[in-house]
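Novice:
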Amino acid sequence: MNRDESKIKDEYHTLVRDVFEGVVREVNSHYPAERSVRLDWERIREFDKTIAKTFLRNPQRARGSTAEAIECWNEVDIPDSIVRVHNIPDEYQFRVGKQRTIHLGRLITITGEVVEMDGVKPFAKMAALECHQCGTLNYVPQSYGKMIDPHACEGCEKKSGPFLFRRQQSELLDYRKVILQRADTNLDDDPPQLAVYLTEDLVDRIGPGDHVSLVGYYDTGRIQKKSVLQTYLETWDIESHEEGVLADRLSPDELADAICEEVEAKQDEDPSSFGADREAIIETLVDEGVRRKEVESQLEDLIDQKEISEIGGGKLMVT
Ligand SMILES: [Zn+2]
Numbered sequence: 000m001n002r003d004e005s006k007i008k009d010e011y012h013t014l015v016r017d018v019f020e021g022v023v024r025e026v027n028s029h030y031p032a033e034r035s036v037r038l039d040w041e042r043i044r045e046f047d048k049t050i051a052k053t054f055l056r057n058p059q060r061a062r063g064s065t066a067e068a069i070e071c072w073n074e075v076d077i078p079d080s081i082v083r084v085h086n087i088p089d090e091y092q093f094r095v096g097k098q099r100t101i102h103l104g105r106l107i108t109i110t111g112e113v114v115e116m117d118g119v120k121p122f123a124k125m126a127a128l129e130c131h132q133c134g135t136l137n138y139v140p141q142s143y144g145k146m147i148d149p150h151a152c153e154g155c156e157k158k159s160g161p162f163l164f165r166r167q168q169s170e171l172l173d174y175r176k177v178i179l180q181r182a183d184t185n186l187d188d189d190p191p192q193l194a195v196y197l198t199e200d201l202v203d204r205i206g207p208g209d210h211v212s213l214v215g216y217y218d219t220g221r222i223q224k225k226s227v228l229q230t231y232l233e234t235w236d237i238e239s240h241e242e243g244v245l246a247d248r249l250s251p252d253e254l255a256d257a258i259c260e261e262v263e264a265k266q267d268e269d270p271s272s273f274g275a276d277r278e279a280i281i282e283t284l285v286d287e288g289v290r291r292k293e294v295e296s297q298l299e300d301l302i303d304q305k306e307i308s309e310i311g312g313g314k315l316m317v318t
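If you use numbering that gives the first Met the number 0, the sequence shown corresponds to residues 0 to 318, in order.
Pasting the structure below:
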């Protein structure tokens, strides 16, 4: 290692042990239930402009170096952290479809509306593929989409396989595909869309109809059928992230009960005022980890069904 490299390495150690000490220790105290370390890009920039720039221009490298520095720190035990970055500069923020070729391989923020969501599925980040001829396990890193076979078997050097997928030896993670569409646009007929991938703890943090800002790695798929390329955003963080909020945490019935209970409790708390404050009810449930949009739409349903009535001034009462 030359002197420059070792100096850069030292900077990453300081970043982890000093600048983000609190964040890393907090994750460590919940590990392994939590392993996402969320870094505010502005704080990185205040500390070291070179690292901040690397996060934007060569995000995979900066992410790898940070994860390595976390793993090396002997005061915590997080061997497999997920480094997440948010609050990147305005010039890297785009509405869906405004991102350009030059942004491929970089970290950008995309804003839009969630219009489609697939279910959560296991994704083989590293696939163990067993050669049918000689039984050797070949480990092949995968990208989203078609399974990629080894170029040749490491055991018998045959290229033909066939190769069998071995789940237990593979590295799997939760994965969800979402379609993000440009919101508030004049292009009503055909608003631009972008495929977005969410993994691990991010898979149930957003829901249909949400307007979101997603920070992620903009890339092309590894298998392409046309010269005009398919692109996607691999989400690294959710900008409008409300800590602990999960989509569909409560069923519609449970949520309706929770809202009614909350309205009643607020009414009892202050008998001198009529009704409970609408915004306070919503805030309470959001603080309990329910997605704001779900609370609002369930509340509208309850008002439509006359379970709850609005008595003016943003006050609510159970009827
Ligand atoms: Zn083989």
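Just so you know, even glycine gets a beta-carbon here, dropped at the ideal spot from N, CA and C.
Please read all numbers here as calculations on a predicted model, not as lab measurements.
Quick one, which of Arg34, Val95, Asp203 and Val113 has its alpha-carbon nearest Ala66's?
Specialist: Arg34
Novice: Would the beta-carbon of Tyr11 fall within 8 Å of that of Ala68?
Specialist: yes
Novice: Tell me whether the beta-carbon of Tyr231 lies closer than 8 Å to the beta-carbon of Leu193.
Specialist: yes
Novice: When every heavy atom of ligand 1 is checked, does at least one fall within less than 7 Å of the C-beta of Lys157?
Specialist: Of the heavy atoms belonging to ligand 1, at least one sits nearer than 7 Å to the Cβ of Lys157.
Novice: Skipping 5 residues on each side, what residues in its chain have a beta carbon closer than 6 Å to that of Pro190?
Specialist: Closer than 6 Å at Cβ, skipping near neighbours: Gln180, Arg181 and Thr184.
Novice: Nearer than 7 Å: is that true of the beta carbon of Gln168 relative to any heavy atom of ligand 1?
Specialist: no
Novice: Mind checking Ala123: buried by the 16 CB within 10 Å criterion, or exposed?
Specialist: buried
Novice: Just to confirm my understanding: we take Met125, look at its own chain, exclude 5 residues before and 5 after, and list those with CB closer than 8 Å. What are they?
Specialist: Tyr138, Val139, Pro140, Gln141, Ser169 and Glu170
Novice: Could you tell me whether any non-hydrogen atom of ligand 1 is closer than 7 Å to the CB of Gly154?
Specialist: Closer than 7 Å to some heavy atom of ligand 1: that describes the Cβ of Gly154.
Novice: Measuring from the CB of Cys71, is there a heavy atom of ligand 1 at a distance below 7 Å?
Specialist: Ligand 1 never approaches Cys71 closely enough for any of its heavy atoms to be under 7 Å from the residue's Cβ.
Novice: So, helix, strand or coil for Gly312, using DSSP?
Specialist: coil
Novice: Can you round the beta-carbon distance between Val195 and Leu213 to whole angstroms, since I take them to be within the 8 Å contact cut?
Specialist: 6 Å
Novice: Leaving out five residues before and five after Ile258 in sequence, what residues of the same chain have Cβ atoms less than 8 Å from its Cβ?
Specialist: Ile280, Leu284, Val294, Gln297, Leu298, Leu301 and Ile307
Novice: Apply the 10 Å Cβ neighbour rule to Thr28 and answer buried if 16 or more other Cβ atoms are within range, or exposed otherwise.
Specialist: The question names Thr, but residue 28 in the sequence shown is Ser. Exposed, because fewer than 16 other Cβ atoms sit within 10 Å of the Cβ of Ser28.
Novice: Which residue marks the beginning of the alpha helix (DSSP H) containing Ile280, and which one marks its end?
Specialist: Arg277 to Asp286
Novice: Name the DSSP bridge partner or partners of Asn137?
Specialist: Leu128
Novice: Compare the Cα-Cα distances from Gln229 to each of Trp235, Asp173, Val211 and Tyr217 and report the closest residue.
Specialist: Closest by alpha carbon: Tyr217.
Novice: By Cβ distance, which residues of its chain are closer than 8 Å to Tyr174, with the 5 residues on each side in sequence left out?
Specialist: Cβ neighbours of Tyr174 beyond the five flanking positions: Val119, Lys120, Pro121, Phe122, Tyr143, Tyr196, Leu197, Thr198 and Val202.
Novice: Need the endpoints of the beta strand (DSSP E) that His210 sits in, please.
Specialist: His210 to Thr219
Novice: Is the beta carbon of Lys265 sitting closer than 8 Å to the one on Ala255?
Specialist: no
Novice: Under three-state DSSP, which class holds Val95?
Specialist: coil
Novice: Between Val113 and Ile205, which are expected to be in contact by the criterion C-beta below 8 Å, what is the C-beta distance as a whole number of angstroms?
Specialist: 6 Å
Novice: Measure the C-alpha to C-alpha separation of Gly134 and Lys157 and round it to an integer number of angstroms.
Specialist: Gly134 and Lys157 have their C-alpha atoms some 12 Å from each other.
Novice: Report whether the distance from the Cβ of Thr198 to the nearest heavy atom of ligand 1 is below 7 Å.
Specialist: no
Novice: Report the residue from Gly111, Ile77 and Pro78 whose alpha carbon sits nearest the alpha carbon of Phe93.
Specialist: Gly111
Novice: Can you find the residues in the same chain that come closer than 7 Å, C-beta to C-beta, to Arg37, ignoring five residues on each side of it along the sequence?
Specialist: Val22, Arg83, His85 and Asp236
Novice: Could you tell me the distance, in whole angstroms, from the CA atom of Lys292 to the CA atom of Gln98?
Specialist: 27 Å
Novice: Let me know if Asp209 comes out buried or exposed under the rule of 16 or more other beta-carbons within 10 Å of its beta-carbon.
Specialist: buried
Novice: What span of residues does the beta strand (DSSP E) with Ala194 cover, start to end?
Specialist: Following the DSSP letters along the chain, one finds Ala194 inside the beta strand (DSSP E) bounded by residues Gln192 to Thr198.
Novice: Could you say which of Met146, Pro161 and Ile87 lies nearest to Glu129 if we only look at CA atoms?
Specialist: Pro161
Novice: So what does DSSP say about Gly206, is it helix, strand or coil?
Specialist: coil
Novice: Check for me: the beta strand (DSSP E) holding Ser28 runs from which residue to which?
Specialist: Counting along the chain, Ser28 falls outside any beta strand (DSSP E), though it belongs to the alpha helix (DSSP H) covering Glu20 to His29.
Novice: Taking CB distances under 8 Å as the criterion, tell me whether Arg37 reaches chain D.
Specialist: Included in the structure is just one protein chain, with no chain D present.
Novice: At the level of alpha carbons, what is the spacing between Leu103 and Phe273?
Specialist: 56 Å
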